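Order-wise, the sequence lines are chains A and B.
So in my numbering, spot 93 of the first sequence is number 93, and the numbers just go up one at a time.
Quick note: to get my numbering, add 97 to the position in the second sequence (first position is 1).
Heads up, the beta-carbon is just placed ideally off N, CA and C, and yes, glycines get one too.
Just so we're clear, the structure is a prediction, and the values are computed from it rather than from any experiment.
Worksheet: the structure to be examined is printed underneath.
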Amino acid sequence: MSPFWSDGVPVSVPAPTDELPDGAPGGFEHRSRPHRVQGVSNHWRVHSAWWPEALAAHGVEVETWRDYWEVLTDTGLLCVLYHDLIGGAWYLERIHE
Amino acid sequence: MVSGAHSRVDGYVELHAHSCFSLLDGASTPEALLDRAAELGMTALALTDHDGLYAVVRFALAARERGIHPIIGAELTMTDETHLVLLAENRAGYQNLCWLISRAQLSQSKGNARLAWADLAGHTDGLIALSACKQGAVAASLLRGDRAEALRRAQELAALFAPQCCYIELQQHLHPEDAALLDDLVEVARAARLPLVASNNVHYAWREGHCLQDVLVAIRHTGTLQEVRSHLRANSEYYLKSGAELAPLFADYPEALENSRAIAERCQLELDFRADAIPPAAAETEAENARLRELCEAGMAQRFPHEQAAAQRQMEHELQVIYKTGLSGYFLLVWDIVRYAQERGIQVRGRGSAANSIVAYLLGITPIDPLAHNLVFERFLSEERRATPDIDIDFQADRREEVIQYVYQRYRPEHAAMACTLVTFRTRSALRDVGKVLGMPIDVIRQGEKLLDEAEAADSEPAAPTGVLAQVLALARQIGGFPRHLGIHNGGMLITAPPLAQRVPTEPATMADRFVVQWDKDSIEDVGLVKIDILGLRMLSAIAEALQLIEQTTGARPDLSALPFDDPAVYDMIARADTIGIFQVESRAQAQVLPQLKPHCFEDIIVSISLIRPGPLQGNMVHPYLRRHRGEEPVSYAHHLLEPALGETLGVILFQEQVLKVTRDLAGFTPGQGEGLRRALGGRNAAKAAETFRQAFMDGAQQRGVPAPIAESVFDQLKAFGGYSFPKSHAAAFAVLVHHSAWLKRYHPAAFYTALLNNQPMGFWTPAVLVRDAERHGVDVLPVHVHRSRSDCVPERGAIRLGFKYVKGFGEEAAARIEESRRGKPFASLADLCKRTRLPRRLVEHLILVGAVDTWGIQPRKLLWELARLRYLEEELELPALSRGEALALEYGILGLTTGEHVMALYRRWLEAQGFVDSRDLEECRAGQSVRVAGLVVVHQAPPTAKGFRFVTLEDEEGLMNVIVNPSTYARYRRQLAATPLLIVKGTVQKGDGVINVIAGHIAPLHR
């Protein structure tokens, strides 16, 4: 059974600037290079996979509850980060070409 | 500016919310949604369940209690599968909504309501439309990428509704596509010049509800959560949110939030139909009043041929009250229905609080003179309490349908429909469903069931389970009490003067050509509509049949209504608990009480019926009453103020209306408060609801100088007594049936037992027990016989001949074929029988096995063989006759009862040798003696009031034995109890007042 949502790479994220919406990432560091978020192009939330079969498939103890942010960086990247609302950590899930 | 933005946020009202009455979709009760709304400080809330107004009355009442303004609406499913939310702005809008929902429901199959867009035309006055969720016509078009179509649909919608009555609904649940859809919807709204409104399409009150919502969706799609995950919502954003939480989501369109409050303020609708509660023809009040008096006077001459003065006075008094409350039309309606039944020879008896009324007695609605039994009219109807009175009428069950058809014909289906009942999930069945969708193995589910059983038995919370089981149990408990589907109420008919569709939506019932309104009896009562309970009672069918049989055999038909209630032979029989087959007092529990109560008059029967109710049982009223009745303890009162209220019942609370009297006398409650408490006790969450009255009760009692501990204990007693009790009037009306059925058993046993056997299933005991009881009373029960039996059981020279209907697989048609074929000439042989009846081989086989063809002197086994040869022409073999045991086992299996020898007779020699006692020996045993008994399980009860105790009745060839199984013994032997109908019980004898019980210590199946 494939997991519902792929897991990302842990990243450290500073607080957003005032221009960004509440809860959005301010930026992140990837391959030793800092990226600053300039704008948010989409934001969605996932809260699911709380039942035993899904947990087993995921190899985790708790459900999936994540805030996803599709953002544009000052380095010209369009990428998707998510904030694990249970654990509190941030992950970089995808960098669009 | 800041304060303006703030009030916008605070003023948000949710206009799109589903409760659990959106079946298997909404995950919160209406009350939970309201609790959450109150918590958020929301001033109003709309309920918009799918295709129905099932919960609106309950919702409106609960909203008022919480100071929240209720908005009534629904989300309709259209024939193109799109959704549309409609809110009722006023009475006209509400009527249109009812009409539209009825239309949607009635034009489709049950549970599959769809409204055609064309039907909206001309029926949108007073309604406000919201364009609904992603399944709304506009949003769905946009999601398909068809902007032109979206605009067209928005314009069509606008054209259907009055200006400012159609809104484009914006929702933002943080799905990836939501932000774009929001912008597109706004664009369409601007182009179509439609205003915006925000909603959250609520499916649960709190975020935590999302798991339950997933579970419900999975149950609906009958798969595990994992299997149906594409149907599940991807997140938990569908809870009831405050304006402040929604504000950032609609930051670009603040007017959408603001408009929610503007719409809420426009929706001003009161659900109260009291003013037009009276059924048809209320216009000519004068004429109706005169007609009612005329009928009463005619009844007076009949019911009171001699002494009329007191009855006249009472009648005058009641008529004045009935005139003032405008209920003449209602009485005439009920009279008309009863008259119809009586003219067609259908047995009918009014029951319930109507028995307090002499007018009801004079009209022939109720069977009992209220003056003779100290019944008080004001408990039925009073000027102060303008509640619509309740009249329940029992009709003989087999002919109830004729009465219902008459009502439909006379008042037409547009004005008359059945009330619905909401069939709800029980925690136990929910546990199975939840376990399944969570993919739990069956043993985990069983473990959960065991925990539930233990909790029930111990009347407390079970040891807290952990892990997945805890999760399953918690979810199951939340679903417990949720509506599962809609049923037809057992007889409640709603009859209204204006068309029903202006009051409440109607939908098809499971039964063909039968319609139910979307409200249950509580809702109907709460809005002040009149309901008449047309109930079917099998005992009345049995009485009707017994009377007919007596007339056939004796030429004279007894007039039960003329019987005085003073025959000592009848009371002696009841006092001996010789009551099998008698209405109400035949149960095991009654049989325990009767020898102690020794009823010798009609009043005692009323008491006996009322004692064995959950209320008096839970309130521990039974034994104090019995001791006082026998003079073993003095009649005493917790406080002397209680004497007037409880004097008639020796100081204990027995009747429902005594709750009112006690609260009045001890705590100064108004009739309204007392009634409020009584209803709270009978309603949902009784214990919690009752607590809200405690302080008022304590305060009132203190003012009257009642010491606090006494007031506390009386209140606790009222609480324990609960709502599960009879009003005296109801018990009195039932007592008439007790007396009638007892009289028939005493004087016409053959007709009585025949009628009982023909009207099964009914009553407490199985046909097998009835047959034994008949034989103990000298009425032989003869086996089914191809030449003598008919479809029904019939009397045969003082005995009863069992009918073909008791042979497995036999219906009316098979019986009729035998009856027709044997006409003129008996069957000469089995071959002749088969040739002439052409009955299926299987049925002939059953006839042989029950001994019905024991007419040519050929053994059953040979006949079976012969039957086989009729088809297969196999070689004849010499076969041994069936052993006694085999024959009985076969007979029991096929008939469901045995005539002649009792199955226990087969074991008797062995049992005697082992030192077992039979039911007759048991009477000689002393209390505390250890005994072993064995018998056939004829009753196995676990009454909810018995705190886990089980009551088993064993039958042997001599009679019945009562076995009590305590919870721990039950836990140990539950498998043995379930395994076989023949049981061995080792236990201790308990004796008292003619009642013998065996307290089980060890239980085992009987097999040798």
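Cβ-based burial, residue i [other Cβ within 10 Å; buried from 16]
| i | result |
| --- | --- |
| Ala378 of chain B | Here Ala378 of chain B scores only 44 on pLDDT, less than 50, and its place in the model should not be relied on; the value that follows carries that caveat. Under this definition Ala378 of chain B is an exposed residue. |
| Trp1007 of chain B | exposed |
| Met608 of chain B | exposed |
| His220 of chain B | buried |
| His307 of chain B | buried |
| Val62 of chain A | exposed |
| Cys698 of chain B | exposed |
| Ser41 of chain A | exposed |
| Asp1090 of chain B | exposed |
| Gln365 of chain B | exposed |
| Gln649 of chain B | exposed |
| Asn332 of chain B | buried |
| Ser92 of chain B | Since the first residue of chain B shown is 98 and the last is 1105, residue 92 of chain B is not available in this structure. |
Contacts that residue i makes with chain B (C-beta to C-beta distance below 8 Å)
| i | result |
| --- | --- |
| Glu53 of chain A | Thr321, Leu322, Gln323, Leu535 and Gly536 |
8 Å contact criterion, which residue i and residue j should meet: CB distance rounded
| i | j | result |
| --- | --- | --- |
| Pro824 of chain B | Ser450 of chain B | 6 Å |
| His882 of chain B | Arg898 of chain B | 7 Å |
| Gly1032 of chain B | Leu867 of chain B | So it is not a contact: roughly 16 Å between Cβ atoms. |
| Leu834 of chain B | Phe680 of chain B | 4 Å |
| Arg142 of chain B | Ala160 of chain B | Note that residue 142 of chain B corresponds to Leu in the displayed sequence, not to Arg. That belief holds up - the Cβ atoms of Leu142 of chain B and Ala160 of chain B are roughly 7 Å apart, short of 8 Å. |
| Leu964 of chain B | Pro957 of chain B | Not a contact, Cβ separation roughly 10 Å. |
| Leu57 of chain B | Ala288 of chain B | There is simply no residue 57 of chain B to check, as chain B begins at 98 and stops at 1105 in what is shown. |
| Arg673 of chain B | Val1036 of chain B | About 19 Å separates the two Cβ atoms, so there is no contact after all. |
| Leu293 of chain B | Ala353 of chain B | 4 Å |
| Gly500 of chain B | Ile631 of chain B | What sits at residue 500 of chain B in the sequence shown is Val, not Gly. That belief holds up - the Cβ atoms of Val500 of chain B and Ile631 of chain B are roughly 6 Å apart, short of 8 Å. |
Extent of the continuous alpha helix (DSSP H) to which residue i belongs
| i | result |
| --- | --- |
| Cys308 of chain B | Gly306 to Arg317 |
| Gly712 of chain B | Pro711 to Gln715 |
| His1104 of chain B | Unbroken run through His1104 of chain B: none, as it is neither H nor E. |
| Tyr508 of chain B | Arg497 to Tyr508 |
| Gln645 of chain B | Arg635 to Thr651 |
| His1155 of chain B | Any answer about residue 1155 of chain B is impossible in this case: the structure gives chain B only from 98 up to 1105. |
| Gln689 of chain B | Arg685 to Leu694 |
| Asp421 of chain B | In the sequence as presented, Asp is not what sits at residue 421 of chain B; that position holds Lys. Per DSSP, Lys421 of chain B belongs to the alpha helix (DSSP H) from Ala406 to Lys421. |
| Met795 of chain B | Arg791 to Gln800 |
Chain-ordered neighbours of residue i on chain A, where CB pairs are closer than 7 Å
| i | result |
| --- | --- |
| Val273 of chain B | It should be noted that the sequence gives Pro, not Val, for residue 273 of chain B. Those are Asn42 and Trp44, listed as they occur along chain A. |
Within chain A, the residues that residue i reaches when beta carbons sit closer than 8 Å
| i | result |
| --- | --- |
| Ser339 of chain B | By Cβ distance, chain A contributes nothing, its closest Cβ being about 15 Å from Ser339 of chain B, past 8 Å. |
| Leu329 of chain B | Ser48 |
| Ala276 of chain B | Asn42 and His43 |
| Pro345 of chain B | Pro21 and Asp22 |
Chain A contact for residue i (CB, 7 Å cutoff)
| i | result |
| --- | --- |
| Ser980 of chain B | Confidence is the limiting factor: at Ser980 of chain B the pLDDT is only 47, short of 50, which leaves the residue's position unreliable and the question unanswerable from this model. |
| Asn332 of chain B | yes |
| Val565 of chain B | yes |
| Glu971 of chain B | Reliability of the predicted coordinates at Glu971 of chain B is poor, the pLDDT of 29 falling under 50, and the value obtained from them is presented with this limitation in mind. Not one chain A Cβ lies under 7 Å of Glu971 of chain B. |
| Val1092 of chain B | no |
N- and C-terminal bounds of the beta strand (DSSP E) containing residue i
| i | result |
| --- | --- |
| Gly208 of chain B | First-last for Gly208 of chain B: undefined, no H or E at that position. |
| Cys79 of chain A | Leu78 to Asp84 |
| Leu173 of chain B | His166 to Thr174 |
| Gln770 of chain B | Looking at the DSSP string, Gln770 of chain B is not in any beta strand (DSSP E); the run it does join, the alpha helix (DSSP H), is Pro768 to Gly779. |
| Tyr264 of chain B | Cys263 to Leu267 |
| Ile576 of chain B | Counting along the chain, Ile576 of chain B falls outside any beta strand (DSSP E), though it belongs to the alpha helix (DSSP H) covering Gly564 to Ile576. |
| Gln615 of chain B | Note, Gln615 of chain B: premise wrong, no beta strand (DSSP E); not H, not E. |
Within chain A, partners of residue i - CB distance below 9 Å
| i | result |
| --- | --- |
| His307 of chain B | His47, Ser48 and Trp50 |
The ligand NAD heavy atom lying under 6 Å from the CB of residue i
| i | result |
| --- | --- |
| Ala286 of chain B | Although the ligand NAD was asked about, the structure shown includes no ligands whatsoever. |
Residue-level contact to chain B via CB, residue i, 7 Å cutoff
| i | result |
| --- | --- |
| Arg94 of chain A | no |
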